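Residue numbers (our numbering): 1 to 73. We put the beta carbon where it would ideally sit given N, CA and C, even for glycine. The structure displayed is predicted, hence computed values, not measured ones.
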């Protein structure tokens with residue numbers, strides 16, 4: 001993993017933000033370079049019906065090719 005950001009725009013690769021808290025709408029995501037992550041929801045932020053938070057991240061393969069997709073929690 002080479003980058004992470006809040007949102008769902010996969011049109012462009014993202015870089016940076018690894019190992020740091022990235023604030024979403026309902027909580028904070030920490031994504032590490034090895035793909036492991038944690039998510040801490042904000043107190044009382046999720047409505048009674050539930051909600052999802054979306055983040056975009058980019059990975060790089062051994063040839064240097066990039067792929068960007070979303071993580072929805």
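Presumed contact (8 Å Cβ cut-off) between residue i and residue j, rounded CB distance
| i | j | result |
| --- | --- | --- |
| residue 8 | residue 54 | 5 Å |
| residue 31 | residue 4 | 4 Å |
Residue range of the unbroken beta strand (DSSP E) whose run includes residue i
| i | result |
| --- | --- |
| residue 30 | 27 to 31 |
| residue 59 | 54 to 60 |
| residue 40 | 37 to 41 |
| residue 18 | Note, residue 18: premise wrong, no beta strand (DSSP E); not H, not E. |
| residue 67 | 66 to 72 |
Euclidean distance between Cα positions of residue i and residue j
| i | j | result |
| --- | --- | --- |
| residue 20 | residue 73 | 17 Å |
| residue 63 | residue 17 | 22 Å |
| residue 26 | residue 57 | 18 Å |
| residue 34 | residue 15 | 14 Å |
| residue 70 | residue 49 | 22 Å |
| residue 29 | residue 65 | 25 Å |
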